Amino acid sequence: MSQDVNSDLSRRGVLLGMGAGAAALALMPSVAHATREEANDAFAKLTGGAKPQAGKVTLKLPEIAENGNTVPFTVVVDNPMTEANYVKAIHVMAEGNPAPGVVSYFLQPTGKAEVYGRMRLAKTQDVRAVAVLSDGSAWEGKKEVKVTIGGCGG
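Those letters in the sequence shown? Residues -34 to -1, 1 to 120, per mature numbering (1 follows the signal peptide of the UniProt record, and there is no 0), in order.
Quick look at the structure:
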């Protein structure tokens, strides 16, 4: 009989623990995602207020990311890399992630304006890349990526 009492107590303990865990999960805040306005504000800070124009920037991403934990990307900017005219920086943002900033690359006037990497994407969203040129102008490329399994808690 003492075994039955102990097993009842352990079952009760397990059930109470499960209930407490469920309550704690219910009270946890959900993962917030950035808005397009937040991404625009971040780009404005990074570009010194220059409004990005469409063109010059090609953003290569898969159309469908089976897993948002690791999504490859390449950014190519069609611009010479001379002392007089070069790409100073390339900034990549994922508008639907909890924090939109993915990465910033700072370049010198040599070689080719092409960068690559991998990012996490929380959900289906637009990914944007902005190139800031030495003359202060900003150019943008954008692509939507459909994510089937989110990588940032989505």
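No residue lacks a Cβ here, since even glycine has one placed at the ideal position from N, Cα and C. Being a predicted model, the structure only gives us computed values, none of them experimental.
- prompt: Can the beta-carbon of THR114 be found closer than 9 Å to that of ASN33?
  reply: Yes, Cβ-Cβ distance for THR114 and ASN33 is below 9 Å.
- prompt: What do you reckon, are the CB atoms on ARG84 and PRO28 nearer than 9 Å?
  reply: No, they are not a contact pair.
message: Please state the DSSP three-state secondary structure of LYS11.
response: In this structure, LYS11 counts as helix in the three-state DSSP scheme.
- prompt: Across which residues does DSSP place SER70 in a beta bridge pair?
  reply: Beta-bridge pairing links SER70 to HIS57.
query: Can you give the Cα-Cα distance for ASN51 and ASP92, rounded to whole angstroms?
result: Taking the straight line joining both Cα atoms gives about 29 Å.
- prompt: Under a Cβ-count criterion, where at least 16 other Cβ atoms within 10 Å of its own Cβ denotes burial, should LYS22 be classed as buried or exposed?
  reply: LYS22 is buried by the Cβ-count criterion.
- prompt: Per DSSP, THR40 is paired with what?
  reply: THR40 pairs with LYS26 and TYR82.
task: Would you list the residues sitting across from GLU110 in a DSSP beta bridge?
output: Within the DSSP bridge table, the entry for GLU110 names ASP92 as partners.
query: Within this structure, are the beta carbons of LYS54 and PHE72 separated by less than 9 Å?
result: In this structure, LYS54 lies near PHE72, with their beta-carbon atoms less than 9 Å apart.
- request: Thinking THR24 and TYR82 are a contact (beta carbons under 8 Å), I'd like their distance in whole angstroms, please.
  value: With a Cβ gap of about 12 Å, THR24 and TYR82 do not count as contacting.
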